Amino acid sequence: MHLALLSLLAFFSIISSRSSTEFDFNPGVGNCIEHERRALLQIKAAFTDPAGHLSSWTGQDCCSYWAGVTCSNRTGNVEELDLGWSYYSYTTVLTGDLSSSIADLKYLTHLNLAYIDFQYKTIPDFIGSMERLTYLDMSCSLFGGVIPPQFGNLRNLVELRLDYDICAAAYDILELNWLSGLFSLQYLEIRRVNLSLASEQWLRSVNMLANLKSLEIVCCELAYLPQTLPFLNLTSLTHLDLSNNEFNSLVPTWLSNASSLEDIYFSDSLLIGRIPSLAFKNMCSLQTIDLSLNLLEGGLAELIDALADCSNSNIQMLSLYYNQLDDYIPDSLGRLTSLQSVDLPFNKLFSSIPASIGNLAKLQTFMLTDNLMNGTIPESLWQLKELEDLWINDNQLHGVIRDVHLSRLVNLKHLGLSSSSKSLVFETSEDWSPPFNLMALHISDCQLGPSFPAWIATQTNLEYLFLKNTALSGKVPHSIWKLSVQLNYFDLSENQLQGNLPSMLMLRDRDGVINLENNLFNGTLPRLSNITYLSLKNNQLTGVMSTDLLGQLPDLEVLDLSGNMLYGNITRKWDAMEHLEYVDFSRNNLSGNVPRWRGDDLQEIRLHGNFFKGSLPTELCFLPFLHVLDLSQNHLSGPIPPCFGKMRGFTESGQLFRATNRISPLRIYGVKFYMFKMELRVKGNPLIYDTNLPLFNFIDLSGNELSGKIPEQITDLSYLRGLNLSGNHISGYIPETIGLLQKLESLDLSNNALDGHIPQSLASITSLDHLNLSHNNLSGPIPTKNQFQTFNDPSIYEGNPGLCGIPLSKVCNPHKPNKDHHSDDDRGVSDKIMHGVSEKMMLVISIVLGFIFGFWGVCGTLAVKKSWRDAYFGFLGI
């Protein structure tokens, strides 16, 4: 009894010491406090919820059954409100307003508003009054306006997320002064938010946050990175990510004052200059350094030496790929014994791989692709038993790689080996069975053959097989064709492989890549399935393109069958290939009419050197991104359709589209591939276009039987860089407006029936460096200004008996007027336009004068003499 009484007194003592609001709930309504339940219902009412995310918000017990609501087990107050939904849920998000009733949830500490469509309404001020908040996520919440200064009142906030990285729209923040008031903040994430106007003071505000542990300001257009600071207050900072900004700055030296840093990410932030050792001095806690995709120069010695000076160095990842480093890899690399990943591709590093690399017993990834490394591969490299990724291709390494070397790499998953000097040799026994099972094998420009290594067929986990220019010959083993079904990338190009292809070429996924070009394969074309990119060019394939050739290729983008012996018509199914971007059927024996391509994605078409006949399809005019059209050396006839001058792919908008969508090469396992590589005959010579193909605009209709005139509209192709109409039956004048093609570099109109003069406007095209007008009926003097001073080869003009002037021996007669030639050498496109305008003005003036004299000549006379007026009206019976 006495014990029970003491317990009761203690209970009432606790109650009396608490404020009434802490226990302000109705015991009859479960664990839900009534006024908080009403606030939640008002929050719900302010949203449109088509997917029913808040459909569970019914009934009395908001704490137990309402989705996204979490209450305190002790007090019953709502502490967490999760209204945000995953971007990957593919359902409609909440839309509407944030009700001010949320401020009635006085004990709310966790608030998630991510991916709610607030329709760009301003952020409400009352969020700043919710001072108990420790977690706030407004990622992709689609607010508008500025962040209110009241946010600085959230002094208990520990984590703030403003991640707009995968949103359709970016958010603008004009200033970050409010950050300095968030004294408790430990985790700050801001992604794809425009901070360009806050650049000058952003670090000053962040530097006030002494408790900050993780800082991520990524892809925010920051353009200011101070090199020094009077003091660094970020003594607790362990994670720093300032990637994808626009600093255009040196690596800041104040980094070394943040001695607690474990991870530094400055990828793709326009860092320049050398890497100073001072920036990384005494940073013994560092585990990750990512300075990739910048413009850093010099070497690695200062950085690696500074890291190696820490006796307890814990650096695990070093990433500097895609920079301009142009020095050696120092021996001190071997002192960083905790390293697990060294990622240095696409630089200009030279000298040999240091033997000290063998000290890195924990190394799992070593990537040196596309540098200038030379010498032999050190024996110590083959001792790295933990190695999983080895990419040292596209260097100048030499020597012999034996199976005994590779046998030590028991954990290997990805292997890339090649030499630009073609001096690496593989020697493996026929019965060798590797201890590893690769996912990717890339060997190129090496001596791997002549016979196909049997051990490759044992790699049952392969997804990527690249054996380009490896001296392989003979037939491809059946085991390799069988293996290809599990691949997603299959490349055996530039070897001497022969024999028939299998009846079907099929890869694992729908976006597969097959490249078998430049071999000796014969027989007919196989059926195809699960392929996005296919090149079989320069083989000995024959037969027709059957109607079922396509198999299951709904996503085919690139098709190159050039340089074979295929014949017959192109099946009409090609017209329906919606995703096709690149087609090359050149140098075959194909016939029929040119297909009426209808796919809006088509950008390059080459049918050179076949037997196509008929007229040019007008459907080609309406392909919005077509910018390379080569139909040369066929039997096409009829006129060039006037609509050819309206093709959008040859305009500025088409150029901009390709520059943003096609300029970057495909990268597979970090290796660059130019999926679009086309040989075009430009400026009289065959040239290979790969990286520059998306920027090149070219029309070649030469070697056909086209007739009619050059369409005036062709001068609307403002970004046309090459035009070849040679070897047709085109007649008439060369349009004077051809001078509007200011990007034109190559023009060949030879071997036609053109007459008239050479337009003076051609001399205004300063980019023109190749010209051929030979074998026409042109007459008059050759222009002498600008580019024509460099066109001093007489063969350019031969076969035009009426032409005269330099560089021909025929001198122009200054006293004989040329009816086809303007008397003033300086008259060009503008003169012709003014001449047309003058003629129109004269016509208008003549009409007006005729009306005046005709009207007043009759009416004026009648008005003056009454007897004539009476006689005239009497004659009319009036």
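If you use mature numbering (1 follows the signal peptide of the UniProt record, and there is no 0), the sequence shown corresponds to residues -17 to -1, 1 to 861, in order. For each residue, glycine too, the CB sits at the ideal point set by N, CA and C. Note that this is a predicted model, so its numbers are computed, not measured.
Should the segment 490 to 499 be regarded as contacting the segment 514 to 523, the criterion being three or more beta carbon pairs within less than 8 Å?
yes
What do you get for ASP414, buried or exposed, if any count of 16 or more other CB atoms within 10 angstroms of its CB means buried?
exposed
For LEU832, count the other beta carbons within 10 Å of its own beta carbon; 16 or more makes it buried, fewer makes it exposed. Which is it?
In this prediction, LEU832 has a pLDDT of 48, which is less than 50 and means its spatial position is unreliable; nothing more can be read from the coordinates.
Distance, Cα to Cα, LEU503 vs LEU450?
Near 15 Å, if we compare the C-alpha coordinates of LEU450 and LEU503.
Mind checking whether ASN136 and SER112 have CB atoms under 8 Å apart?
The answer is yes: Cβ separation under 8 Å.
Mind the definition here: the segment 754 to 764 touches the segment 672 to 682 only if three or more C-beta pairs lie below 8 Å; say whether that holds.
no
Can you list, in chain order, the residues of its chain with a C-beta nearer than 8 Å to that of SER850? Leave out the 5 residues immediately preceding and following it.
Confidence at SER850 is low in this model, with a pLDDT of 47, below 50, so its placement is unreliable and the value that follows should be read with caution. Counting only Cβ-Cβ distances below 8 Å, and skipping sequence neighbours, we find nothing.
Whose CA, out of THR601, GLY637, ASP731, lies closest to the CA of ASN668?
ASP731
Considering only the beta carbon of each residue, do LEU351 and TRP365 sit closer than 8 Å?
no
Pick helix, strand or coil for VAL527, following the three-state DSSP scheme.
strand
Under three-state DSSP, which class holds PRO131?
coil
Which first and last residues belong to the beta strand (DSSP E) in which VAL566 is found?
565 to 567
With a 10 Å radius around its C-beta and 16 neighbouring C-beta atoms as the bar for buried, classify PHE473 as buried or exposed.
buried
Measure the C-alpha to C-alpha separation of LYS89 and GLU204 and round it to an integer number of angstroms.
One C-alpha to the other measures close to 37 Å.
Could you tell me if HIS397 is buried or exposed, where buried requires 16 or more neighbouring beta carbons within 10 angstroms of its beta carbon?
buried
From this set, LEU563, CYS787, ASN735, which residue's C-alpha is nearest SER709's C-alpha?
When each option's Cα is compared against that of SER709, the closest is ASN735.
Just how far apart, CA to CA, sit SER598 and ILE713?
14 Å
Apply the 10 Å Cβ neighbour rule to SER685 and answer buried if 16 or more other Cβ atoms are within range, or exposed otherwise.
buried
Taking all protein chains shown into account, do 16 or more other C-beta atoms lie within 10 angstroms of the C-beta of MET356, making it buried, or fewer, making it exposed?
It is buried - the Cβ of MET356 has at least 16 other Cβ atoms within 10 Å.
Using only alpha-carbon positions, find the residue among TYR716, SER390, VAL541 that is nearest to HIS562.
Ranking the options by Cα distance to HIS562, first place goes to VAL541.
Near PHE640, what residues of its chain come up, given a Cβ to Cβ distance below 8 Å and the 5 sequence neighbours on each side ignored?
PHE608
Tell me the DSSP secondary structure of ASP87 in three-state form.
helix
In angstroms, rounded to a whole number, what distance separates the CA positions of ILE149 and GLY341?
About 42 Å.
Have a look at GLY788, THR530, PRO485, ASP492 and flag the residue whose alpha-carbon is nearest the alpha-carbon of LEU524.
PRO485
What residue range does the alpha helix (DSSP H) around CYS46 cover?
45 to 48
Please state whether DSSP places residue 862 in a helix, a strand or coil.
Any answer about residue 862 is impossible in this case: the structure gives the chain only from -17 up to 861.
Closest to ASP100 by C-alpha separation, out of ASP377, ASP108, VAL234, GLY127, would be which residue?
GLY127
Comparing C-alpha positions only, which one of ASN593, ARG57, HIS36 sits nearest to TYR48?
Closest by C-alpha distance to TYR48, out of ASN593, ARG57, HIS36, is HIS36.
Could you compute how far the alpha carbon of ASN376 sits from the alpha carbon of VAL129?
The alpha-carbon atoms of ASN376 and VAL129 are separated by roughly 50 Å.
Can you tell me where the beta strand (DSSP E) with GLN479 in it begins and where it stops?
479 to 483
My understanding is that GLY317 touches PRO337, with C-beta atoms under 8 Å, so please give their C-beta distance in whole angstroms.
In this structure GLY317 is in contact with PRO337, their Cβ atoms being roughly 7 Å apart against a cut-off of 8 Å.
Restricting to runs no shorter than 4 residues, where is the alpha helix (DSSP H) found entirely within the segment 253 to 325?
Complete alpha helix (DSSP H) runs here, min 4: 284 to 291.
Do you know offhand how far THR4's Cα is from GLU63's?
With a pLDDT of 33 at THR4, under the threshold of 50, the modelled position of this residue cannot be trusted; read the value that follows with caution. Rounded to the nearest angstrom, the two C-alpha atoms are 18 Å apart.
DSSP three-state call for CYS626: helix, strand or coil?
helix
Assuming contact is defined by CB atoms lying nearer than 8 Å, are LEU159 and LEU192 in contact in what I supplied?
At the C-beta level, LEU159 and LEU192 stay beyond 8 Å of one another.
Helix, strand or coil for ILE463 per DSSP?
Three-state result, ILE463: helix.
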